[in-house]
Structures are given as structure tokens and as C-alpha cells.
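Numbers 3 to 369, taken from this note's numbering, label the letters of the sequence shown in order. Idealized CB from N, CA, C, for every residue including glycine. The next block holds one structure in the form of C-alpha cells; read it before the comments.
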Amino acid sequence: MKHLNTVLHQLLKYIPRYRFDRAVERHRGDHRIRTLNCWTQFVALIYAQLAQRVSLRDLQTAFNSHATCHFHLGATLIRRSTLADANAQRAPGLFREIMFWLIHKLQGNLPSANEIVRLIDSTTLDLNLHHYAWAKFRSTKAGIKLHTVYDPHACILTFFEMGEARAHDAKAAASLPLLTGATYVFDRAYNNYEWYARLTKQNIRFVSRMKANTVFEVISSQQVDGRVSADETIRLTSNAGSQYPECLRRILYTTEEGKKLVFITNDFERPAQAIADLYKMRWQIELFFKWIKQNLKIKRFLGTSKNAVLIQVTVAIIDYLLVRLVQQSFPNALSMQQWARLICVNIFARKQLESLAEPPPNPKNPS
């Protein structure tokens with residue numbers, strides 16, 4: 003009889019073990035470790051995400067109940083106290099390295115787009131101030147921000163970083179790795195004229211919303227039609243605006259719902275309607291945030307330290323990337339959420355991954 007690996011084993015095969023071991027060596031993850039090594043920690047955390055485990059005790063009981071499957075996974079039994087210590091003390095850089103490797107793997111499997119467009123945004127995860135005092139950002143609130151760069155054509159994230167919720171988005175944007183020649187789309191929270199100037203010098207285009215209190219003078223206007231009611235070349239005239247001495251483009255656009263939007267960009271080549279269409283793409287990153295909040299365990303954590311939270315969030319994103327790789331490997335009509343649910347209920351089943359997408363046999367006609 004043909005041996006079938008578990009669904010979890012097949013999923014983890016997307017990450018070559020030698021690649022993981024090299025990352026462990028670089029980060030000295032298993033230095034002076036006698037019991038729970040980095041691989042078992044990683045497998046347990048991936049399982050916790052996929053199987054929706056809610057606590058360390060729950061994770062230990064559920065994971066150890068499948069001890070007969072551990073050998074082929076290369077993992078061992080876990081103890082919640084040891085896992086808690088590992089999450090609190092081990093460097094999260096190891097897991098970030100695996101995350102970025104998977105991002106590059108996904109990008110390499112996709113056809114190249116004619117133009118490089120990226121969306122920038124962040125979302126906040128609320129935390130209990132009593133348990134996560136290190137994440138305090140208001141008198142009664144705690145939280146963390148997930149800063150993300152997203153490729154709307156490939157429908158995958160290209161960069162991900164966790165930061166303090168109290169940090170302003172514009173400040174966080176300054177440290178994002180950006181591609182020369184690309185176009186970046188973001189909202190008004192990233193309004194920073196000094197940053198705009200740096201983008202322009204690097205031959206990077208941007209599209210954003212203009213703040214209502216922006217002070218400027220109109221240099222020239224273009225003829226407009228359709229939903230575009232203004233297409234102007236402007237110069238910023240405020241003290242803050244002096245950080246961007248070049249001209250900018252201001253576009254006034256009316257949506258189908260009648261809402262008026264004012265865009266600001268350094269792109270003078272695309273038609274005004276194309277600029278508006280670029281900004282419409284922002285809904286994709288909002289859908290991404292909605293998906294990870296609904297399907298990943300990033301609202302309740304297995305540890306309260308900053309290190310434990312960072313590791314769990316990073317592993318959650320790795321889980322998202324693995325499900326995306328499955329969807330990419332077996333193209334069909336199933337959504338990411340459907341794949342995630344099928345993997346969840348079949349995590350230790352000995353089935354081929356692609357068979358999860360097949361409809362169940364008809365009991366009246368089993369042949």
C-alpha cells in the first residue's frame with residue numbers, strides 16, 4: 003500500500019529542511035538547546051495556527067495526541083513550559099528569514115507584471131493593557147501595528163513588519179525597503195513631504211490622498227472630462243511643504259457614489275483616470291488585513307512578551323504564505339479561506355493535498 007504523508011507534512015515540504023537548518027545556524031537558534039529545538043517549535047506553532055489552537059495547554063494536548071505522526075515531521079513531543087520559554091527567548095529573526103524566503107518563492111512562481119505597483123498600509127491589533135504593558139499606546143489601550151507592502155497584481159505581500167501602535171505611519175514608512183521605478187499607493191496617514199522628496203529622487207512614483215489643510219499654488223491645469231473635475235500641476239507653499247521643492251500633481255475625482263477624492267502624486271505621465279484606478283487598488287490590502295484577522299491566530303497569543311508576540315505573528319504570516327503556495331500549486335476555484343478550512347480539518351489526515359479540493363464521493367454511487 004502506498005504511504006501517504008499527513009497534510010501537515012506535505013505543507014511543510016514547501017520549506018526545504020536544509021533551508022530552515024541554515025537559518026537556525028545563522029541565528030544560533032539551537033545553541034545550548036537540549037530539548038525543544040527550533041524545528042519542533044516551528045512545527046508546533048504552524049500546527050497551532052492551522053488547527054486554531056487557543057492556548058499553550060490546548061496546543062500541547064492536541065499536538066502530542068498525534069505523537070505517531072511526529073517522526074515523519076521530524077518533530078518531538080512538546081511541553082508547554084518549554085515552548086513558552088522558547089517563544090519568549092529565541093530570536094524571531096530566524097522565522098522572519100523563513101517568511102521572506104517564502105515571499106520570494108511566491109514571487110518567483112508568478113509571471114512578471116508590466117509595471118511594478120505596490121500598496122502600503124498598516125493595521126492595528128488591540129492587546130490587553132494588563133498583560134501587554136510593553137505595547138501601551140494610550141492611557142487605557144495597548145496594541146501593535148502590522149506594516150505591510152502588498153503586490154496587488156500577484157495578490158501577495160512583499161514586506162511585513164511589526165511595530166509599536168503609537169508610532170506614526172509616516173515615520174514607519176521611512177524604513178520600508180522600496181523599489182526604484184515602482185509606483186507606491188498609500189493613504190493620507192503617510193503624508194510626509196520629506197519622504198516624498200526622497201521617493202522622487204529615487205525615481206519612485208507615489209499616489210496618495212491630499213490632506214484638506216494642504217497649502218499650495220496652482221501652476222497649470224489640464225483639460226479634464228468624465229469623473230475627473232481637476233488635473234493640476236501645483237507647488238507646495240507652506241513651511242512644511244518647502245521640504246518638497248518640486249512640482250506635484252493634484253487630481254480631483256468623483257467616485258460612482260458621488261464622493262469627492264483629491265489625489266496627490268509625482269506621476270505626470272499616467273492619465274488622471276489611471277491615477278484614480280491605482281488608488282482604487284487599495285481595497286486589496288484592506289481585504290488582506292481582513293483575511294488574516296479572520297483566519298489567523300493573531301488576536302489571542304500564546305505568550306505575553308514582545309518576543310513571543312512577534313514570533314507568533316511572523317509564524318502566522320508564514321502560515322498565510324503556505325496556504326497561498328497551496329492555492330498556487332493546485333489552481334482551482336477554491337478561495338484562500340476554503341483552502342485554510344480544509345487544511346484545518348484535515349491537518350493530520352493522510353491525504354494528498356490536491357485531493358482536499360475534490361468533492362466527496364456520492365454515497366449512492368461510490369464508483
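Could you check how far apart the C-beta atoms of residue i and residue j are, in whole angstroms? I think they sit under 8 angstroms.
i, j, result
"L79", "H68", "About 10 angstroms; that fails the 8 angstroms criterion."
"R314", "L47", "Per the sequence shown, residue 314 should be read as Gln rather than Arg. Confirmed, Cβ separation roughly 7 angstroms."
"E163", "F139", "Not quite, the Cβ-Cβ distance comes to about 17 angstroms (not below 8 angstroms), so this is no contact."
"R120", "T182", "At roughly 12 angstroms, the Cβ-Cβ gap does not stay under 8 angstroms, so R120 and T182 are not in contact."
"R2", "R190", "Because the chain spans 3 through 369 in this model, residue 2 falls outside it and cannot be assessed."
"I253", "A274", "5 angstroms"
"F231", "T256", "A small correction: the amino acid at residue 231 is Ser; Phe does not occupy that position in the sequence shown. Indeed they touch by this definition, with Cβ atoms about 6 angstroms apart."
"D171", "S124", "6 angstroms"
"R207", "T185", "4 angstroms"
"L327", "Y134", "Actually they do not touch by this definition, with Cβ atoms about 31 angstroms apart."
"D233", "L52", "Incorrect: roughly 49 angstroms between the Cβ atoms, too far for contact."
"Q62", "R92", "Not really, about 18 angstroms apart at Cβ, beyond 8 angstroms."
"A175", "Y152", "Not quite, the Cβ-Cβ distance comes to about 14 angstroms (not below 8 angstroms), so this is no contact."
"A144", "S307", "Actually they do not touch by this definition, with Cβ atoms about 13 angstroms apart."
"V26", "L96", "6 angstroms"
"I146", "V311", "7 angstroms"
"Y195", "L263", "20 angstroms between Cβ atoms; not a contact."
"F396", "I122", "Any property of residue 396 remains undetermined from this structure, which presents the chain solely from 3 to 369."
"Q12", "L355", "5 angstroms"
"N7", "H74", "6 angstroms"
Residues bridged to residue i by DSSP?
i, result
"I35", "Answer is none; I35 lacks a bridge partner."
"T126", "K147"
"V119", "T185"
"K138", "A144"
How would you label residue i, buried or exposed, when you count the other beta carbons within 10 angstroms and need 16 or more for buried?
i, result
"P154", "buried"
"Y20", "exposed"
"D227", "exposed"
"G31", "buried"
"A260", "Inspection of the sequence shows that residue 260 is occupied by Gly rather than by Ala. When all chains shown are included, G260 counts as exposed."
"P18", "exposed"
"W341", "buried"
"A88", "buried"
"S57", "exposed"
"A149", "Per the sequence shown, the amino acid found at residue 149 is His instead of Ala. With 16 or more Cβ atoms within 10 Å of its Cβ, H149 is classed as buried."
"I266", "buried"
"T216", "buried"
"T37", "exposed"
"R98", "buried"
"R284", "buried"
"N205", "exposed"
"N297", "buried"
"T316", "buried"
"L14", "buried"
"I221", "exposed"
"R251", "buried"
"V347", "exposed"
"M3", "Because the pLDDT of M3 is 40, which lies under 50, any placement of that residue in the model is unreliable, and the number read from its coordinates should be weighed accordingly. So M3 counts as exposed."
"P94", "buried"
"L324", "buried"
"K305", "Looking at the sequence shown, residue 305 is not Lys but Gly. Buried, because 16 or more other Cβ atoms sit within 10 Å of the Cβ of G305."
"R302", "exposed"
"R24", "exposed"
"R55", "buried"
"H33", "exposed"
"A50", "buried"
"A318", "buried"
Can you confirm whether the stretch 250 to 270 touches the stretch 84 to 103 when touching is taken to mean that 3 or more C-beta pairs between the two stretches lie within less than 8 angstroms? no
Decide yes or no for the touch test of the stretch 243 to 252 against the stretch 279 to 293: beta carbon pairs closer than 8 angstroms, at least 3 of them. no
Would you say the stretch 105 to 115 touches the stretch 274 to 287, given that touching needs at least three Cβ pairs under 8 angstroms? no
Which ranges would you report for the beta strand (DSSP E) in the stretch 208 to 288 if only whole runs of at least 3 residues count? 218 to 223, 230 to 238, 250 to 256, 262 to 267
Any contact of the stretch 36 to 50 with the stretch 325 to 333, i.e. 3+ C-beta pairs under 8 angstroms? no
In chain order, which alpha helix (DSSP H) runs of at least 4 residues are fully inside the stretch 141 to 197? 171 to 175
Unbroken alpha helix (DSSP H) runs of length 4 or more, entirely within the stretch 299 to 355: which are they? 308 to 331, 338 to 347
At a cut of 8 angstroms, does the stretch 343 to 356 reach the stretch 123 to 136 through at least three beta carbon pairs? no
At 4 residues or longer, and completely inside the stretch 7 to 72: list those alpha helix (DSSP H) runs for me, N to C. 9 to 14, 19 to 29, 40 to 52, 58 to 66
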